[in-house]
Structures are given as structure tokens and as C-alpha cells.
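S.K.:
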Amino acid sequence: MKNEVAVITGASSGIGREIAKNLSKRGYNLVLVARREDRLEELAKEVDTHCQIITADLANLSEAHGLHETVQDQNVTVLVNCAGFGLLGDFATTELDREIDMINLNISALHILTKLFLQDFIEKDKGHILNVASIAGLLPAGPYMATYYATKAYVVSLTQAINQELKNRDSQVRASALCPGPVDTEFNEVAGASFALASITAEECARYGVRNLFNNKVLIIPGANLKVAAVIAKIAPRSLLVKIAGHQQKRKH
0 MKNEVAVITG ASSGIGREIA KNLSKRGYNL VLVARREDRL EELAKEVDTH CQIITADLAN
60 LSEAHGLHET VQDQNVTVLV NCAGFGLLGD FATTELDREI DMINLNISAL HILTKLFLQD
120 FIEKDKGHIL NVASIAGLLP AGPYMATYYA TKAYVVSLTQ AINQELKNRD SQVRASALCP
180 GPVDTEFNEV AGASFALASI TAEECARYGV RNLFNNKVLI IPGANLKVAA VIAKIAPRSL
240 LVKIAGHQQK RKH
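Residue numbers for the sequence shown, in numbering that gives the first Met the number 0: 0 to 252.
#1: Who are the near neighbours of V189 in its chain, counting only those whose CB is closer than 6 angstroms to its CB and skipping five residues on each side?
#2: Quick one: give me the first and last residue of the alpha helix (DSSP H) that I121 is part of.
#3: Roughly how many whole angstroms lie between the Cα atoms of G26 and D89?
#4: Can you list, in chain order, the residues of its chain whose CB lies under 6 angstroms from that of V77, leaving out five sequence neighbours each side?
#5: What did DSSP end up calling V79 once you bin it into helix, strand or coil?
#6: For Q51, tell me which candidate among L177, R168, R38 and L29 has the shortest Cα-Cα distance.
#7: First and last residue of the beta strand (DSSP E) that includes I7?
#8: DSSP state of Q204, grouped into three classes?
#9: Whose C-alpha, out of P221, A160, K123 and V217, is nearest the C-alpha of P179?
#10: Could you compute how far the alpha carbon of L22 sits from the alpha carbon of I99?
#11: What residues in its chain sit with their C-beta under 8 angstroms from that of H67, if we drop five residues either side in the sequence?
#12: Okay, do the region 31 to 43 and the region 55 to 73 touch, 3+ Cβ pairs below 8 angstroms being the bar?
#13: CA-CA distance, E3 and V46?
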């Protein structure tokens, strides 16, 4: 690995933090992006490769553009879009401003960074993009987490389309979507949710995700149970899936 750089958003905790540690072990220098500088500084002390810390609130879309401008002269060959959050509750009563922030972060900032770094990667015909989605993105809808499910469906759809376009142009660049189920992270605290399904650790999810990113797998689904669920989601009636998802979300209240 010769001075190659990985940019990781949402690197202060959970899956993003563990992906950063995994990529450092693979020899990548890191650009760590999140709102909490103290957490990023702690992470930088835990890894062996060089780290650049950038504090940013990517829900402010000008900061997404600014992130790219800050690092575009570096040899960035990996982008990990992991920043995101969810909200649990009845759509009629959840806070609109928080939902707009969620859409800006989960969709708009990810879209901006994916496009800008993709253009850089295509120019040098080298690079990997890992968009952290969710198993929710493979389901038709999620009552009581309606906006979150919709944002993750966007991420999955966008990533699959981009990857096919890259294949069609015989590019060496690839895009992947990591679609975990329940993971033991701070995400659950922010969303106000608890999960009936058994969680995997963030470290396990990150290890599986990074390995399959470099194996050029488009949809990365960690865990045998989730793979079965993804197959069922393709063949089961949409109305049934929505009903089941709504039942699961309602249990989290």
C-alpha cells in the first residue's frame, strides 16, 4: 500500500470506527470524519497509519463539498460513507427537522461524496466506494421507521446502479453497499430502538464488509440469517413484508 488514503465518514463510533481500524491494518492512511473530534483523536491513537482528522456535520451539505475539496489532492482510493442515523416513531408525530437532517445526511451528503469521489476514481481508474446502507434498504418499507427505511432503499438502489455503470464502461472502480441488520452500536441509542433479533458486533460487521468490498461484491449482507431474509424479501408479497416490518418496529417502542 503506497500512500493510499481511505476517507471514512461516521468514523467516531460503531461500524465506521471499526472499518477505519480494519483499513489501517491493511495499510491505508486514514481521513477520519465525524462531528466529535475527541472520539476521532482517540481512534487516531489506536491505529498505526497516518490519520487526518476532519470534524464536520455532513447534514450541512456545504461541509460535504468542503470535505472533498480538502482531500482531493491526496491519493484517496477508498471512500466509506458510514455517517447516518435513524428515528423511531409514528411518521405523523416524528420531528420534521430531524427527518430533514436525516435525509440530508443519509442521502444528500452520501450522494454528493459518492459522485465527487467517483469522478476522481474514474479519472485514475482505481478506487472502491462502500456505502453503508442497511437490510432495511432491501425491504419495501418500514412503518415506524418510515424515513430511515426510505433513505436506505435510496442508498442500495443508487449503489447498485453506479456499480453496473462502472462495469459497463470496463472501469476498475467498484461501488458496494453494506447491508447489516442489528449491530451493537450507538445507532440504537440515537434511534431510540432496541432489537428483538440478535446483534452482531461492529467489528464483525466491519471485517466482513471490508473483505467483501475488496472482493467487489455489490450487496454485502453479513450473516446467514440476513441472507435468508434478503431472499425472502425478493419473493414474498410486498404487503406482507411491510406488515412484518411494521410489527417489528412497533415492538421497539
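All C-beta atoms in this analysis are idealised placements derived from N, C-alpha and C, irrespective of residue type, glycine included.
M.R.: If we stick to the structure as given:
#1: Any reading at V189 needs caution, since the residue's pLDDT is 43, under 50, leaving its predicted position unreliable; the model's value is listed next. Only F84 meet the Cβ criterion.
#2: L109 to K123
#3: 45 angstroms
#4: A5 and H127
#5: strand
#6: L29
#7: V4 to T8
#8: Correcting the residue type first, residue 204 is Cys in the shown sequence and not Gln. Three-state DSSP puts C204 in a helix.
#9: P221
#10: 31 angstroms
#11: I111, L112, L115 and F116
#12: yes
#13: 15 angstroms
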